[in-house]
Each structure stands twice: as structure tokens, then as C-alpha cells.
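Enquirer: Dumping the structure here so I can ask a few things about it.
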Amino acid sequence: MRRLASLVMVPIFGLVFAGCASSDDTTTSLRVAATSSLTEVFNDIGEQFMQANPDITIAFNFASSSDLALQISQGLPADVFASADVKNMAKVTDAGLLLGQSVTFATNSLEIVVEKGNPLFVDSLAQLATPGLLFVTCPIEVPIGGYTAEVLRNAGVTVTPASLEENVKGILTKVALGEADAGIVYRTDILAAGNSVTGVPIADNVNVTTKYLVGALRDSQNQDASQRFIIFLSSEQGQKIFSQFGFGPA
Numbered sequence: 001m002r003r004l005a006s007l008v009m010v011p012i013f014g015l016v017f018a019g020c021a022s023s024d025d026t027t028t029s030l031r032v033a034a035t036s037s038l039t040e041v042f043n044d045i046g047e048q049f050m051q052a053n054p055d056i057t058i059a060f061n062f063a064s065s066s067d068l069a070l071q072i073s074q075g076l077p078a079d080v081f082a083s084a085d086v087k088n089m090a091k092v093t094d095a096g097l098l099l100g101q102s103v104t105f106a107t108n109s110l111e112i113v114v115e116k117g118n119p120l121f122v123d124s125l126a127q128l129a130t131p132g133l134l135f136v137t138c139p140i141e142v143p144i145g146g147y148t149a150e151v152l153r154n155a156g157v158t159v160t161p162a163s164l165e166e167n168v169k170g171i172l173t174k175v176a177l178g179e180a181d182a183g184i185v186y187r188t189d190i191l192a193a194g195n196s197v198t199g200v201p202i203a204d205n206v207n208v209t210t211k212y213l214v215g216a217l218r219d220s221q222n223q224d225a226s227q228r229f230i231i232f233l234s235s236e237q238g239q240k241i242f243s244q245f246g247f248g249p250a
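For the sequence shown, full-length UniProt numbering begins at 1 and goes up steadily by one.
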């Protein structure tokens, strides 16, 4: 049975490889560069897509959307790009690197993430500005960093972060390990983290609805496989998987 190949970007641009592709020469290897907040759901999507398309194997490269957009512009080998925001997809589109238009395939929202059990009893965005509370986020170029700034601005709260992480998984890890008290992440990341952290809802009137976009890269030699994957994301089966992982419909 084929296994999913997954490349995960980690600090200092290290790569961790998991799984292997089929040795069958008749299969197409599809390289998908995807934002890190899609890690869990895309691994599941990938397995089900390959079951439905036995002539295709998938290798995922997960990192922040901003890092991937930059690397694609510098020649990163990839067939498909999935971004957590419009801004970073626009960078690739404006550079003429996308074939056709991108497609929105899922939505998300944000939550405050705190240590398991919420030992500091954080229950609002305003409390993130409490002196001594260690709040972590990402640079605004990274989608979660930009969305966090927007939510805090909506709430009229100013917070000085203790550190800036490379991507949303870095925020989760620091909070889960007790190296930070709180952060703001995607709702789906908290669901995927299980009982390792606790989520605190953000009021709808200040929260944001985030969009995930996907597009086929112009220089790809695997356009048929790329289009089949993109169509699968918006299919009834694909949307059911996204719903199971807590994502909203496009």
C-alpha cells in the first residue's frame, strides 16, 4: 500500500521526511506546497485522494504561506500551492507563477490558545495585554500573524509579543510546552491538538473568517494531476473531510 510523502518545514529551514512514494513508474508524483495549518487535514485528504486516484502519489511540503510563496518565486519545485490567505496567493499570482485563477476551498476562524487547563484563567482578548503574560504570535507576513493583528485591532487591544514564531505550529508548540502563556491560532489547530492545550473562543464581532486558496503552478509538468487534486478539495467528499476537521465551507 502506498504511503503519503510529507515534507514539513521546521525552524532554520530544516526538512523532515516521512513516508515514501510508490516505486510504480506509471504513477505521477504530485508535489503540494501547503500552509502548515492544513497539515492534519491534508494528510487525511491525501490518503483518500490517492485511494480514489491510484495513479497519483502526493508529496506534501508544509510551511507558512509566506515562506512557501517566497520559495516558489525562487524556484521551489511544486505543482500545487495552498495558502492560508489571499495576500500570499496574490504574490504567486502577480508573479505570473499560477496557471489560471486560484480557488477558495475552505474557511476557518481564530481562537486564543492557552496552556492545558487554562491556569491563568484567560477568558478574553483584553487579558492578553496583562503585564507578565507571555504572548506569542508570528510576523504579520505570516497569515496567522496578520489575522492576529486584525483581531486585536478589532478588539482595541494592544499586545507586545514575547516572541515571533515561524508559523502557527510554532505558537501551539510553545504554549503546549509551557514556554508561552497564550497565543492566537486557528480553531482547527486547537481541535487537532487534542488535550495538549486549551482553546478560548473569540467573540464573533471581533473574530475573522479566514480563507484557504489553492492553485496550480504554471511550470508544473503534472497539470492533470494538479487539477484532479484541486477539484477533489471542493468535491462533496473533500468538503466532508474538511468539516470533520472543523473547517468551514468555502
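Positions of the beta carbon are idealized from the N, C-alpha and C atoms, including for glycine. Just so we're clear, the structure is a prediction, and the values are computed from it rather than from any experiment.
Indicate the three-state DSSP secondary structure (helix, strand or coil) for P139 in the structure shown.
Expert: It is coil, neither helix nor strand.
Enquirer: Where V32 and I190 are concerned, what is the direct C-alpha to C-alpha distance, given to the nearest angstrom?
Expert: 24 Å
Enquirer: Taking all protein chains shown into account, do 16 or more other C-beta atoms lie within 10 angstroms of the C-beta of F17, making it buried, or fewer, making it exposed?
Expert: Summary for F17: the model assigns pLDDT 32, below 50, so the residue's position carries little reliability; its value from the coordinates is reported in the next sentence. Exposed, since its Cβ has fewer than 16 Cβ neighbours within 10 Å.
Enquirer: Rounded to whole angstroms, what is the Cα-Cα separation between A69 and A90?
Expert: 9 Å
Enquirer: Taking the Cβ atom as the reference point for each residue, do I144 and Y186 lie within a distance shorter than 8 Å?
Expert: Taking 8 Å as the Cβ cut-off, I144 and Y186 qualify as a contacting pair.
Enquirer: Report, in whole angstroms, the separation of the C-beta atoms of residue 324 and N118, which I expect to be a contact under 8 Å.
Expert: This structure cannot speak to residue 324, because the chain is shown only from 1 to 250.
Enquirer: I need the straight-line Cα distance from F60 to S235, nearest angstrom please.
Expert: 20 Å
Enquirer: Have a look at L233 and G215 and give me their C-alpha separation to the nearest angstrom.
Expert: 11 Å
Enquirer: In the DSSP assignment, find the unbroken beta strand (DSSP E) run with A63 in it and report its ends.
Expert: 56-63
Enquirer: What does the alpha-carbon distance come out to for the pair V151 and V208?
Expert: 7 Å
Enquirer: Is the region 167-176 touching the region 34-42 in the sense that three or more CB pairs, one from each, lie closer than 8 Å?
Expert: Yes, the region 34-42 touches the region 167-176.
Enquirer: Does the pairing of the region 195-205 with the region 62-80 give three or more beta-carbon distances under 8 Å?
Expert: no
Enquirer: Have a look at T93 and A84 and give me their C-alpha separation to the nearest angstrom.
Expert: 14 Å
Enquirer: Between the Cα of L125 and those of V206, K174, R218, A192, spot the shortest distance and give me the residue it belongs to.
Expert: V206
Enquirer: Applying the criterion that 16 or more other CB atoms from any shown protein chain within 10 Å of the CB defines a buried residue, is K240 buried or exposed?
Expert: It counts as exposed.
Enquirer: According to DSSP, is K211 part of a helix, a strand, or is it coil?
Expert: strand
Enquirer: Can you give me the C-alpha to C-alpha distance between D24 and T130, rounded to a whole angstrom?
Expert: With a pLDDT of only 49 at D24, under the threshold of 50, the placement of this residue in the model should not be trusted; the figure read from the coordinates follows. Roughly 57 Å separates the two Cα atoms.
Enquirer: Can you tell which of T104, T160, E141, V86 has the C-alpha that lies nearest to the C-alpha of G238?
Expert: T104
Enquirer: Answer yes or no: do L99 and L217 have a C-beta to C-beta separation smaller than 8 Å?
Expert: yes
Enquirer: So, helix, strand or coil for T148, using DSSP?
Expert: For T148, the three-state secondary structure derived from DSSP is helix.
Enquirer: From I202, G246, A192, pick the residue whose C-alpha is nearest to that of L128; which is it?
Expert: I202
Enquirer: For A52, which of F247, F229, S243 has the nearest alpha-carbon?
Expert: F229
Enquirer: Might you give, ordered along the chain, the residues of its own chain that have their beta carbon closer than 6 Å to the beta carbon of S73, omitting 5 neighbours on each side?
Expert: A95
Enquirer: Cβ of D181 within 8 Å of Cβ of V114?
Expert: yes
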